[in-house]
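Engineer: Have a look at this one before I ask anything.
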Amino acid sequence: KYRNYEGTEAVMTKIDEKTALLDEEEKLGGDKFKQHFQCYLPTLTDLDALWKQDAFYSLPIPHDGKYSKLPIINRFLEFFSNKDNKEPNITSFLAEKSNAFILLMTFAGIELKAQLICKWQDDSGKEDLKPDLFIVKSNKTVDIVEFKLPRLNHKAVVGKENRETFSAEIHSYIAQVSKYTEYFDDSVNRKWFENEYGFNVYKPKKILVLGRRTDLKSDEWQEIKARYSDLDIYTYDDLVDIPVSMLYLV
168 KYRNYEGTEA
178 VMTKIDEKTA
188 LLDEEEKLGG
198 DKFKQHFQCY
208 LPTLTDLDAL
218 WKQDAFYSLP
228 IPHDGKYSKL
238 PIINRFLEFF
248 SNKDNKEPNI
258 TSFLAEKSNA
268 FILLMTFAGI
278 ELKAQLICKW
288 QDDSGKEDLK
298 PDLFIVKSNK
308 TVDIVEFKLP
318 RLNHKAVVGK
328 ENRETFSAEI
338 HSYIAQVSKY
348 TEYFDDSVNR
358 KWFENEYGFN
368 VYKPKKILVL
378 GRRTDLKSDE
388 WQEIKARYSD
398 LDIYTYDDLV
408 DIPVSMLYLV
């Protein structure tokens, strides 16, 4: 049980004060001592009130918002673990205002922009691009986040020792996000995008979110990932663990 210390300390203070005078009081004689000391002892009624306070006391709920976010993270864990939820469903879940803190905390962002259309400003006839999410940082740099499924179809790393590489599946994902580099390297495209959406994207870091930590645990994985300077890869476990650890640190 949680204890309400306020009432208990008040009684114990009175007892401590009188105990400090014990030797002096004893000199007055037994009857006189009892008469003086009795006024400092809690009555049975007082003790009855104290245990009732202890039995039904509960800690106040913090008002820092921490405990309102933990259930949302738990719902997200259940959401992406459901095989019926595909990439668009996951993106929509994280883009909701009440859930956006998950990505903002994970990627140190201040603002989230979801599924903005990137129109090529030349006559090449290329298909428009639609990244899943843009994460705007406090220094005005921007990350582009692309979601794939939490379940990989094949092993993430293939090849013989010292010749390891990403699987064809992951290479296809990297090729997809590489198009964003091509798009934003063009100053005409950047200018159109800024006029259309109100923020500038230059040399964005590209982030792939895919798989679970058990898929990407090998040392070879880290070595291969280091070959891509403008690409980072996170697992769905990272999107849970990073916000949770930050919430418990504050």
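If you count by this note's numbering, then the sequence shown holds residues 168 to 417, one letter each, in order.
All C-beta atoms in this analysis are idealised placements derived from N, C-alpha and C, irrespective of residue type, glycine included.
Note that the structure is predicted; figures quoted are calculated from it, not measured.
Closest to Phe-333 by C-alpha separation, out of Ile-277, Leu-283, Phe-314, Arg-394, would be which residue?
Structural biologist: Position 166 of the sequence shown holds residue 333. With distances taken between Cα atoms, Phe-333 lies closest to Arg-394.
Engineer: For Ile-337, I'd like the list of residues in its chain whose CB is within less than 7 Å of its CB, leaving aside the five on either flank, ordered along the chain.
Structural biologist: Within the sequence shown, the letter at position 170 stands for residue 337. If we look at Ile-337 and ignore the five residues flanking it on each side, its Cβ neighbours are Ala-323.
Engineer: Can you tell me where the alpha helix (DSSP H) holding Ile-284 begins and where it ends?
Structural biologist: The residue given as residue 284 occupies position 117 in the sequence shown. That residue, Ile-284, is in no alpha helix (DSSP H); it is neither H nor E in DSSP.
Engineer: Buried or exposed: Leu-375, going by 16 or more other Cβ atoms within 10 Å of its Cβ?
Structural biologist: As a working note, residue 375 is residue 208 in the sequence shown. Classification of Leu-375: buried, given that the 10 Å Cβ count is 16 or more.
Engineer: On the premise that Val-368 lies in contact with Arg-418, defined as a C-beta separation below 8 Å, what is that separation, rounded to the nearest angstrom?
Structural biologist: Absent from the model: residue 418. The displayed extent of the chain is 168 to 417, so no value can be given.
Engineer: How many angstroms separate the CA atom of Arg-318 from the CA atom of Phe-274?
Structural biologist: Taking the sequence shown and counting its residues from 1, the one referred to as residue 318 is at position 151. Taking the sequence shown and counting its residues from 1, the one referred to as residue 274 is at position 107. Rounded to whole angstroms, Arg-318 to Phe-274 spans 22 Å at the Cα level.
Engineer: Looking only at its chain, what residues have a beta carbon closer than 8 Å to the beta carbon of Ile-391, apart from the 5 residues adjacent to it on each side?
Structural biologist: Stepping through the sequence shown from its first residue, residue 391 is reached at position 224. Correct list, in chain order: Val-324, Glu-331, Thr-332, Phe-333.
Engineer: On the DSSP letters alone, give me the boundaries of the alpha helix (DSSP H) that Leu-244 sits inside.
Structural biologist: Here residue 244 is taken as the residue at index 77 of the sequence shown, counted from 1. Run containing Leu-244: 233-248, per the alpha helix (DSSP H) assignment.
Engineer: So the candidates are Ser-265, Glu-361, Ser-339; which of them puts its Cα closest to the Cα of Leu-283?
Structural biologist: Here residue 283 refers to the residue found at position 116 of the sequence shown. Comparing Cα positions, the closest option is Glu-361.
Engineer: In whole angstroms, what separates the C-alpha of Leu-279 from that of Ala-335?
Structural biologist: Start at 1 with the first residue of the sequence shown, and residue 279 comes out as number 112. Start at 1 with the first residue of the sequence shown, and residue 335 comes out as number 168. When rounded, the distance between both Cα atoms is 30 Å.
Engineer: Are Ser-259 and Ile-239 touching if we call contact CB-CB under 9 Å?
Structural biologist: Locating residue 259 in the sequence shown gives position 92, where the first residue counts as 1. Locating residue 239 in the sequence shown gives position 72, where the first residue counts as 1. No. Outside cutoff.
Engineer: Ignoring anything shorter than 4 residues, give me the alpha helix (DSSP H) runs that lie fully in the region 364-412, in order along the chain.
Structural biologist: Entirely contained in the region 364-412, the alpha helix (DSSP H) runs reaching 4 residues are, in chain order, 386-392.
Engineer: State the CB to CB distance for the pair Ile-257 and Phe-247, rounded to an integer number of angstroms; the pair is presumed to be in contact (CB under 8 Å).
Structural biologist: Working through the sequence shown from its first residue, we reach residue 257 at position 90. Working through the sequence shown from its first residue, we reach residue 247 at position 80. Contact between Ile-257 and Phe-247 holds: their C-beta atoms lie close to 6 Å from each other, under 8 Å.
Engineer: Taking Thr-402 and Leu-414 to be in contact with their CB atoms under 8 Å, please state how far apart those CB atoms are, rounded to whole angstroms.
Structural biologist: Position 235 of the sequence shown, counted from the first residue, corresponds to residue 402. Position 247 of the sequence shown, counted from the first residue, corresponds to residue 414. 19 Å between Cβ atoms; not a contact.
Engineer: Let's see if you can read the secondary structure: which residues bound the beta strand (DSSP E) around Lys-346?
Structural biologist: In the sequence shown, counting from the first residue as 1, residue 346 sits at position 179. It is not in any beta strand (DSSP E) - Lys-346 instead sits in the alpha helix (DSSP H) that spans 335-352.
Engineer: Going by other Cβ atoms of all chains shown within 10 Å of its Cβ, with 16 needed for buried, is Ile-277 buried or exposed?
Structural biologist: The residue given as residue 277 occupies position 110 in the sequence shown. Result: exposed.
Engineer: Would you kindly work out how many angstroms separate the C-alpha atoms of Phe-366 and Val-355, rounded to a whole number?
Structural biologist: Numbered from 1 along the sequence shown, position 199 holds the residue referred to as residue 366. Numbered from 1 along the sequence shown, position 188 holds the residue referred to as residue 355. Distance between the alpha carbons of Phe-366 and Val-355 is about 14 Å.
Engineer: Look at the alpha carbon of Lys-286 and the alpha carbon of Glu-328, and state the distance between them as a whole number of angstroms.
Structural biologist: As a position in the sequence shown, residue 286 is number 119, starting the count at 1. As a position in the sequence shown, residue 328 is number 161, starting the count at 1. One C-alpha to the other measures close to 42 Å.
Engineer: Starting from Leu-300, follow the beta strand (DSSP E) in both directions and report where the run begins and ends.
Structural biologist: Your numbering for residue 300 matches position 133 in the sequence shown. Where Leu-300 is concerned, the enclosing beta strand (DSSP E) stretches over 300-304.
Engineer: Closer than 7 Å by C-beta to Ser-305: which residues in its own chain qualify, once you throw out the five before and the five after it? Chain order, please.
Structural biologist: Counting from 1 along the sequence shown, the entry for residue 305 is found at position 138. Once the five neighbours on either side are set aside, the close Cβ partners of Ser-305 are Ile-277.
Engineer: Please state the DSSP three-state secondary structure of Glu-313.
Structural biologist: The residue you call residue 313 lines up with position 146 of the sequence shown. Strand, per DSSP.
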